[in-house]
């Protein structure tokens, strides 16, 4: 069984959980968690949940963790609701990261449930400009220039 998630409400059949947040803005998203083989909802209602965001720079370093059942809710019919405050999104690193949604009964360890992507963007920063790959392509080096570079002579 493979666990997937669909953002609600949606008409898309996207099964990869990706959350896009704007720095400094609250975020409230709901997903339907389901088994990809049977397409049936995965019901973790009544279990504790833990949402973690991992650093894009330091492998497996947790940059955010939410365990508050009011803001990370596992509901009936496979529904999962996540609420992030404006201050939490402001503190997130900019760019793409991974997240996990874990669940547990009150007397057990957390179990992996869902892994997805989260990206945080700052609307005030300049958008990266698209670069034409042809403009960055290096020109071929002539044999004589290559030979001069190999023997330590300056080619300039």
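Residue numbers (the UniProt record's numbering): 1 to 156. Ideal Cβ positions, reconstructed from N, Cα and C, are used throughout, including at glycine.
Straight-line gap, residue i to residue j (C-alpha atoms, nearest Å)
i, j, result
"residue 102", "residue 23", "24 Å"
"residue 114", "residue 52", "11 Å"
"residue 122", "residue 19", "15 Å"
"residue 119", "residue 43", "26 Å"
"residue 72", "residue 117", "16 Å"
"residue 32", "residue 83", "15 Å"
"residue 112", "residue 85", "24 Å"
"residue 37", "residue 69", "28 Å"
Buried versus exposed, by CB contacts within 10 Å (16 or more), residue i
i, result
"residue 67", "exposed"
"residue 108", "exposed"
"residue 62", "exposed"
"residue 106", "exposed"
"residue 21", "buried"
"residue 5", "buried"
"residue 49", "buried"
Nearest residue (CA-CA) to residue i, options the options
i, options, result
"residue 29", "79, 63 and 91", "79"
"residue 87", "26, 44, 35 and 105", "26"
"residue 46", "75, 81, 93 and 98", "75"
"residue 125", "104, 58 and 95", "95"
"residue 17", "92, 57 and 81", "81"
"residue 58", "104, 98 and 117", "98"
"residue 216", "48, 54, 49 and 38", "Any question about residue 216 goes unanswered here, given that the chain covers just 1 to 156."
"residue 100", "69, 65 and 70", "65"
Residues near residue i by beta carbon distance below 6 Å, same chain, minus five either side
i, result
"residue 77", "41"
"residue 110", "50, 102 and 104"
According to DSSP, residues forming a beta bridge with residue i
i, result
"residue 48", "104"
"residue 5", "33"
"residue 20", "119"
"residue 59", "Partner(s): none; residue 59 has no beta bridge."
"residue 111", "103"
"residue 82", "29 and 72"
Chain-order list of residues whose beta-carbon lies under 8 Å from that of residue i (same chain, five-residue window excluded)
i, result
"residue 90", "23 and 24"
Same chain only: Cβ atoms within 7 Å of residue i, ignoring 5 sequence neighbours per side
i, result
"residue 60", "54"
"residue 56", "93, 95, 96 and 97"
Beta carbon proximity, residue i to chain B, threshold 8 Å
i, result
"residue 85", "The structure shown has no chain B; it contains just one protein chain."
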